[in-house]
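Below is one structure; the comments refer to it alone.
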Amino acid sequence: MIQRPDQRVAVFIDTQNMYHSAKHVHNARVNFGSLLEAAVGSRQLIRAIAYVAKSKTGEEQAFFEAMLSGGIELKIKDVQEFSSGAKKADWDVGLAVDAISISPKVDAIVLVTGDGDFVPLVEYLRSHGVICEVAAFGKSTSQALREVADAFMDLSEAPEQFLLGATRTHKHTATPKKVASTTKKPARATKSDESTERKIRITY
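Heads up: the sequence shown is residues 1 to 204, going by the UniProt record's numbering.
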């Protein structure tokens, strides 16, 4: 699939899903700066939003600052703690609402998540003529989500690009894979003031 420089793209990051996937699959952290650059490619970034959870200790502050300095907006929700000891900070609905709201203003949306709960969102966006791509770790990504998306970028194929602190048993020399998009509708007029420079490296 072909990306075009005149395509306007928005990126929505399910931070908790990506954090746990990187930790459990690769015992590493996600390099969100490199991920954002690859997801956008040569296109015009309109907005990049990460959905995060904040604990009472505030230990995530350095991570939040790194995301912000990399040009990624944050939507922050306090972690809910229940009497049973369970903790929860669910952003699925918030992410879906934001993606639907911004969809008329962009040509493509990249969902950075492997959560199969977003299949209906992808179907909705595509039915309204928006290219919908997914970027996540292959082993922890819903097969249904991979199949319904216009394109899937498996971050596991380029660990040196997308992971920090990964344990390597051999030198990885593969060429990083880039997200490609199909064109489902004519490109709309581009506003130069909506484009964003992308020279990002988040190393937290």
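The C-beta atom is built at its ideal place from N, Cα and C for all residues, glycine as well.
(request) Select from HIS20, LYS23, ASP14 the residue whose C-alpha is nearest the C-alpha of VAL52. (result) ASP14
(request) Evaluate contact between the segment 62-71 and the segment 23-38, counting only Cβ atoms and requiring at least three cross-stretch pairs below 8 Å. (result) yes
(request) Whole angstroms is fine: what's the gap from SER21's alpha carbon to ILE46's? (result) 26 Å
(request) Give me whichever residues DSSP pairs with LYS77 in a beta bridge. (result) ALA53
(message) Buried or exposed for PRO159, going by 16 or more other Cβ atoms inside 10 Å?
(response) buried
(message) Between the alpha carbons of SER195 and GLN44, how many angstroms are there, rounded?
(response) For SER195, the predicted model reports a pLDDT of 37, less than 50, meaning its position is unreliable and no value from the coordinates is stated.
(message) Below 8 Å on the Cβ atoms is my contact criterion, and I expect ILE102 with TYR124 to pass it. Report the Cβ-Cβ distance as a whole number of Å.
(response) The pair is not a contact, with the Cβ atoms about 13 Å apart (cut-off 8 Å).
(message) Taking 7 Å as the limit between beta carbons, can you name the residues of its chain near LEU121, skipping five residues before and five after?
(response) ALA96, ALA99
(request) Compute the distance between the beta-carbons of ASN113 and ALA136, then report whether it is under 7 Å. (result) The question names Asn, yet the displayed sequence has Thr at residue 113. Closer than 7 Å, so yes.
(message) The beta strand (DSSP E) that contains LEU155, what's its start and end?
(response) Note, LEU155: premise wrong, no beta strand (DSSP E); not H, not E.
(request) Indicate whether VAL145 and VAL134 have their beta-carbon atoms separated by less than 7 Å. (result) According to the sequence as given, residue 145 is Leu; it is not Val. Cβ distance < 7 Å, so LEU145 and VAL134 count as in contact.
(request) Look up ALA108 in the DSSP assignment and say whether it is helix, strand or coil. (result) strand
(request) Taking only the alpha-carbon atoms, compute the straight-line gap between ASP92 and PHE118 and give it to the nearest angstrom. (result) 8 Å
(message) Using the Cβ count rule (16 or more neighbours within 10 Å means buried), how would you classify THR141?
(response) buried
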